[in-house]
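J.: Chains as they are written, first to last, in the working numbering: chain A, 59 to 463; chain B, 59 to 463.
Number of protein chains: 2
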Amino acid sequence: MRGEILSVGTELLLGQITNTNARYLAERLAAAGVFVYHQVTVGDNRERLRAAYQLALSRADVIVATGGLGPTYDDLTKEVLAEVLGQPLVQDDLALKTLEDLFGAKGLAFGDVQRKQAMRPAGAELLPNPRGTAPGVLWQAGEHWVVLLPGPPHEMRAMFEASVFPRLRAASGEHLVSTSLRVVGIGEGALQERLEDLMALENPTVAPYAKLAEVELRVSARAESDAAAEALIGPVALEVRRRLGYHVYGEGATQLHDACGEALHARGLTVATAESVTGGLVAERLTRTPGASAYVRGACVVYALQEKERQLDVDPRKVGDGVSGELALDMARSVRARLAADVGIATCGFAGPEGREVGLAYVAIAGALGEKSRELHAHGDRQEIRERIAQAALTLLWERLRRKE
Amino acid sequence: MRGEILSVGTELLLGQITNTNARYLAERLAAAGVFVYHQVTVGDNRERLRAAYQLALSRADVIVATGGLGPTYDDLTKEVLAEVLGQPLVQDDLALKTLEDLFGAKGLAFGDVQRKQAMRPAGAELLPNPRGTAPGVLWQAGEHWVVLLPGPPHEMRAMFEASVFPRLRAASGEHLVSTSLRVVGIGEGALQERLEDLMALENPTVAPYAKLAEVELRVSARAESDAAAEALIGPVALEVRRRLGYHVYGEGATQLHDACGEALHARGLTVATAESVTGGLVAERLTRTPGASAYVRGACVVYALQEKERQLDVDPRKVGDGVSGELALDMARSVRARLAADVGIATCGFAGPEGREVGLAYVAIAGALGEKSRELHAHGDRQEIRERIAQAALTLLWERLRRKE
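Here it is, written out as structure tokens:
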């Protein structure tokens, strides 16, 4: 099936926002067996939107449009689609009832503007919006599919996954399945060397994508069913894991803080962080994982210099010497004792943008997993440096969790 | 001048990368007086690229294409452009000499593959690449411009700014200037009501963009010079500020934590945070601002329940009762005293995804700016809820900083 992505929004044409929806849909349509040949962006303009629909219908089987739904847009993409299909807009009673209930439950006024959201081109169906109010639209006739999704990414994604992806995949009969293996603590060069023969495979393919201080290794296979694709992926993913060992910290959407959390929880260990340069980012990341209260005791953010002494009882001479591995280690020891955690993690360094040695940082661990500090030189702007330092602290925690097994 | 952006690359169609080039060019073309009506993405495919050029030439004056230049692409966009224009590819002797020198200086081999980079459609000129090797192409005839730029963003941007932007702006004689006003603490409905007449203006325009728990108001004007556009924007931006008062916290790239930091610094106040549900996010945001060590004392992340008692001396009975405004206030008071800060900020609540009352949270402030707690019901997934709660805490801080002025 040939696909086309149609993004509607003047804010995209003006460059006010980046079109992340197109990337997401392109990837997910490929996974559903729809080959996207064109992506087109037009503004909130009837004439150009009409021409874009007509062109897309002439060359694609599946058209997925985002944006221009909802009351502030006057439901532009829906109205113009009805025109192009030569269908009247009709009221969907079930959707109207659902919307009225939704607005009523929130105590919001429901008027003519909101009522328009319950309209659909005759012959089309409305798709429920699990994260917002504007329903989506799905029209299908023969080989042709037209899907209208809301513009806000979290609404778009939830609706696409629930109501569109499974149906497209069933229709295409093509199954592209991917598994992401997430890798830390090994450089891209060393990775390529260890996996060279696997990266030359054609089905499944093995491809590395560099992320911030980690690598996502994507193993993808095409087959006539999920099970057949998974059978192709399985042995290759296993071989990657065998060669990379604990450097593979997880699969899929798992993040390094999730993997650390799971390992801490499994071993009954609690953790506390003492953070200078990262300002709380390590603790913030660890607490993104649901259920983190079972193993995260807390954190001391010691941003002002004298706080390192006051809150953490760190030797004033070590503070006076500026950042060092010894200081980070002392911070880790202290926060562990102070918060009665099994493991202490600490960060200190310079994030800039002013001053000398921008990017120099130390991360340290102390307690039940042994003691270790590590120097790093992080690059990028201030926030990227902070993110790299937090990632380095979690990498150290991860390595220690796995090495002591 | 009507513009069209053409992005060439199979990796875009597969969703492997986000098209940040299109956003950048859209914004810069608008600033140069080129109105972009279409953005189109096609893969590295001759036939579809040819059709895309032909369509763009039929409806736009200025076509800017990115990607598909350079030896690994076989100079696809350049060759197909020559075909579409009906011009032969000719060798550019000056570019050839420059490339040979460049490769020689780096000690790299220079062969037939590299020599192709010095070819251009007859009648076009090659644009130097300040950051890489593949030259760009600029073809102009009458009202029509076709510009080919390399795909890597830093090469594309440097070439566009040096060789394209000044010429387009001179040709268009149109200048678009925008100012963003950033607004918190007022709903979109109330905002529309207060600014209804301003939002109906045509030059400058005033348009709201919803962000996470804040609104970006963009005031944009077109004129024959930057100064003339700024003169149109000035009074309208001033009137917006007059009507919205302290709800406008900043302009341009300023974030709420930057604005809070600047106000704290200006008033010589220090701040400390006590965070439960946000896990350190409020402190992390405040410390993103360069120079934050002048006013951020630190933070206590009290994630485990008993830590609220241990680290913050909060009354155990209040902890036992679960989250409340009183608990948040006690946390704010305690962290302020404990870290010897002028102002304490606190958060507590439920981020889910499991459990009752997901999204219920309290933020509080105590100390030199008075005492206040506020209940909120945040929606979204776990991380979005946490981000909304952190934003609510910073909004409370901002309001108190401005009200006491």
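Note that CB positions come from ideal geometry on N, CA and C, so glycine has one too.
What does the alpha-carbon distance come out to for the pair residue 85 of chain A and residue 427 of chain B?
T.: Counting from 1 along the first sequence, the entry for residue 85 of chain A is found at position 27. Counting from 1 along the second sequence, the entry for residue 427 of chain B is found at position 369. Between residue 85 of chain A and residue 427 of chain B, the C-alpha separation is close to 49 Å.
J.: Use the C-beta contact count for residue 188 of chain B: other C-beta atoms within 10 angstroms, 16 or more gives buried, fewer gives exposed.
T.: Reading the second sequence from its first residue, position 130 is the one you call residue 188 of chain B. Taking all protein chains in view, the Cβ of residue 188 of chain B is surrounded by fewer than 16 other Cβ atoms within 10 Å, so the residue is classified as exposed.
J.: List the residues of chain A that residue 412 of chain B touches, going by C-beta distances under 7 Å, in chain order.
T.: Counting from 1 along the second sequence, the entry for residue 412 of chain B is found at position 354. Residues of chain A passing the Cβ test: 348.
J.: So what's residue 488 of chain B in DSSP terms, helix, strand or just coil?
T.: The question about residue 488 of chain B has no answer, for chain B in this structure spans 59 to 463.
J.: Write down the C-beta distance between residue 124 of chain A and residue 214 of chain A rounded to the nearest angstrom, noting that I regard them as a contact closer than 8 Å.
T.: Numbered from its first residue, the first sequence carries residue 124 of chain A at position 66. Numbered from its first residue, the first sequence carries residue 214 of chain A at position 156. Yes, residue 124 of chain A and residue 214 of chain A are in contact; Cβ-Cβ is about 6 Å, under 8 Å.
J.: Give the straight-line distance between the Cα atoms of residue 233 of chain A and residue 89 of chain A, rounded to the nearest whole angstrom.
T.: Sequence index remark: in the first sequence, residue 233 of chain A carries index 175 (1-based). Sequence index remark: in the first sequence, residue 89 of chain A carries index 31 (1-based). For residue 233 of chain A and residue 89 of chain A, the distance between alpha carbons rounds to 7 Å.
J.: Cα-Cα, which of B:83, B:164 and B:237 is closest to residue 311 of chain B?
T.: As a working mapping, residue 311 of chain B is identified with position 253 in the second sequence. When each option's Cα is compared against that of residue 311 of chain B, the closest is B:237.
J.: Closer than 8 Å, CB to CB, is residue 338 of chain B near chain A or not?
T.: Translated into the one-based positions of the second sequence, residue 338 of chain B becomes position 280. Taking Cβ atoms only, chain A reaches closer than 8 Å to residue 338 of chain B, which makes this a yes.
J.: When we look at the beta-carbon of residue 118 of chain B and count the other beta-carbons within 10 Å, is it buried (16 or more) or exposed?
T.: The residue you call residue 118 of chain B lines up with position 60 of the second sequence. Buried: at least 16 other Cβ atoms inside 10 Å.
J.: Tell me, to the nearest whole angstrom, how far the beta carbon of residue 328 of chain A is from that of residue 403 of chain A; I am working on the premise that it is less than 8 Å.
T.: The sequence position of residue 328 of chain A within the first sequence is 270, counting from 1. The sequence position of residue 403 of chain A within the first sequence is 345, counting from 1. With 8 Å as the limit, residue 328 of chain A and residue 403 of chain A do not qualify as a contact, their Cβ atoms being about 12 Å apart.
J.: With DSSP run on the structure shown, which of helix, strand or coil describes residue 273 of chain A?
T.: Taking the first sequence and counting its residues from 1, one reaches residue 273 of chain A at position 215. The answer is strand: DSSP assigns residue 273 of chain A an E or B state.
J.: Tell me, to the nearest whole angstrom, how far the beta carbon of residue 104 of chain B is from that of residue 134 of chain B; I am working on the premise that it is less than 8 Å.
T.: Stepping through the second sequence from its first residue, residue 104 of chain B is reached at position 46. Stepping through the second sequence from its first residue, residue 134 of chain B is reached at position 76. In this structure residue 104 of chain B is in contact with residue 134 of chain B, their Cβ atoms being roughly 7 Å apart against a cut-off of 8 Å.
J.: Could you tell me which whole beta strand (DSSP E) segments of length 3 or greater appear in the segment 94–133 of chain B?
T.: For the segment 94–133 of chain B, whole beta strand (DSSP E) runs of length 3 or above, ordered along the chain, are 120–124.
J.: Return the CA-CA distance between residue 161 of chain A and residue 141 of chain A, expressed in angstroms with no decimal places.
T.: Locating residue 161 of chain A in the first sequence gives position 103, counting from the first residue. Locating residue 141 of chain A in the first sequence gives position 83, counting from the first residue. Rounded to the nearest whole angstrom, the C-alpha separation of residue 161 of chain A and residue 141 of chain A is 29 Å.
J.: Determine, for residue 138 of chain B, whether the minimum Cβ-Cβ distance to residues of chain A falls below 8 Å.
T.: To locate residue 138 of chain B, count along the second sequence from 1; it is residue 80. Chain A contact via Cβ: absent.
J.: What residue from A:74, A:336 and A:257 has the CA that sits closest to residue 421 of chain A's CA?
T.: Position 363 of the first sequence holds residue 421 of chain A. When only C-alpha atoms are compared, the closest one is A:336.
J.: What residues of chain A sit near residue 82 of chain B, judged by a beta carbon separation below 7 Å?
T.: To locate residue 82 of chain B, count along the second sequence from 1; it is residue 24. Under the 7 Å cutoff, chain A gives 73.
J.: Expressed to the nearest angstrom, what Euclidean distance is found between the alpha-carbon atoms of residue 252 of chain A and residue 301 of chain A?
T.: Locating residue 252 of chain A in the first sequence gives position 194, where the first residue counts as 1. Locating residue 301 of chain A in the first sequence gives position 243, where the first residue counts as 1. Computed Cα separation, rounded: 7 Å.
J.: Report the option in A:325, A:225, A:372 and A:394 whose CA atom is closest to the CA atom of residue 355 of chain A.
T.: Position 297 of the first sequence holds residue 355 of chain A. Selection A:325, A:225, A:372 and A:394 evaluated against residue 355 of chain A yields A:394 as nearest (Cα-Cα).
J.: What are the start and end residues of the alpha helix (DSSP H) that includes residue 214 of chain A?
T.: As a first step, residue 214 of chain A must be located in the first sequence, where it is residue number 156. Its alpha helix (DSSP H) spans residues 211–217.
J.: By a C-beta neighbour count over all protein chains shown, 10 Å radius and 16 as the cutoff for buried, is residue 126 of chain B buried or exposed?
T.: The residue given as residue 126 of chain B occupies position 68 in the second sequence. It is buried - the Cβ of residue 126 of chain B has at least 16 other Cβ atoms within 10 Å.
J.: I need the straight-line Cα distance from residue 62 of chain A to residue 192 of chain A, nearest angstrom please.
T.: As a working mapping, residue 62 of chain A is identified with position 4 in the first sequence. As a working mapping, residue 192 of chain A is identified with position 134 in the first sequence. Taking the straight line from one Cα to the other gives about 22 Å.
J.: Hey, residue 407 of chain B and residue 419 of chain B are a contact pair by Cβ (cut 8 Å); roughly how many whole angstroms apart?
T.: Within the second sequence, the letter at position 349 stands for residue 407 of chain B. Within the second sequence, the letter at position 361 stands for residue 419 of chain B. Between residue 419 of chain B and residue 407 of chain B the Cβ distance is about 3 Å, and since that is below 8 Å, they are a contact.
J.: Which of helix, strand or coil does DSSP assign to residue 238 of chain A?
T.: Taking the first residue of the first sequence as 1, we reach residue 238 of chain A at position 180. Reduced to three states, the DSSP call for residue 238 of chain A is strand.
J.: Quick one: using the 10 Å Cβ neighbour count with 16 as the cut-off for buried, is residue 136 of chain B buried or exposed?
T.: By 1-based counting over the second sequence, the position of residue 136 of chain B is 78. Buried, by the Cβ-count rule.
J.: Return the bridge partner residues of residue 177 of chain B from the DSSP annotation.
T.: By 1-based counting over the second sequence, the position of residue 177 of chain B is 119. DSSP, once it has assigned bridges, lists B:149 as partnering residue 177 of chain B.
J.: What are the boundary residues of the beta strand (DSSP E) that residue 307 of chain B is part of?
T.: Locating residue 307 of chain B in the second sequence gives position 249, where the first residue counts as 1. Counting along the chain, the beta strand (DSSP E) containing residue 307 of chain B begins and ends at 306–309.
J.: According to the Cβ coordinates, are residue 120 of chain B and residue 92 of chain B closer than 8 Å?
T.: Against the second sequence, residue 120 of chain B aligns to sequence position 62. Against the second sequence, residue 92 of chain B aligns to sequence position 34. One thing to note: residue 120 of chain B has its Cβ within 8 Å of the Cβ of residue 92 of chain B.
J.: Inspect the CB distances between the segment 261–271 of chain B and the segment 280–292 of chain B and report whether three or more fall short of 8 Å.
T.: yes
J.: In or out: residue 171 of chain A buried (at least 16 other Cβ within 10 Å) or exposed?
T.: Indexing the first sequence from 1 puts residue 171 of chain A at position 113. In the assembly as shown, residue 171 of chain A is an exposed residue. Its beta-carbon has fewer than 16 other beta-carbons within 10 Å.
J.: What are the start and end residues of the alpha helix (DSSP H) that includes residue 315 of chain A?
T.: By one-based count along the first sequence, residue 315 of chain A stands at place 257. 314–324 is the extent of the alpha helix (DSSP H) around residue 315 of chain A.
J.: Using a beta-carbon distance cut-off of less than 9 Å, what residues from the segment 94–105 of chain B approach chain A?
T.: 94, 95, 96, 97, 98, 99, 100, 101 and 103
J.: Assuming residue 318 of chain B and residue 434 of chain B are in contact, meaning their beta carbons sit under 8 Å apart, how far apart are those beta carbons, in whole angstroms?
T.: Numbered from 1 along the second sequence, position 260 holds the residue referred to as residue 318 of chain B. Numbered from 1 along the second sequence, position 376 holds the residue referred to as residue 434 of chain B. About 18 Å separates the beta carbon of residue 318 of chain B from that of residue 434 of chain B, a gap too long to meet the 8 Å contact definition.
J.: Please say whether residue 432 of chain A and residue 450 of chain A have beta carbons closer to each other than 8 Å?
T.: Along the first sequence, read from residue 1 onward, the residue named residue 450 of chain A stands at position 392. Along the first sequence, read from residue 1 onward, the residue named residue 432 of chain A stands at position 374. Result yes, Cβ atoms of residue 450 of chain A and residue 432 of chain A sit closer than 8 Å.
J.: From which residue to which residue does the alpha helix (DSSP H) around residue 232 of chain A run?
T.: Stepping through the first sequence from its first residue, residue 232 of chain A is reached at position 174. Note, residue 232 of chain A: premise wrong, no alpha helix (DSSP H); not H, not E.
J.: Could you name each continuous beta strand (DSSP E) segment of 3 residues or more that falls completely within the segment 337–413 of chain B, going from the start of the chain to the end?
T.: As far as the segment 337–413 of chain B is concerned, its whole beta strand (DSSP E) runs of at least 3 residues are 354–360 and 401–407.
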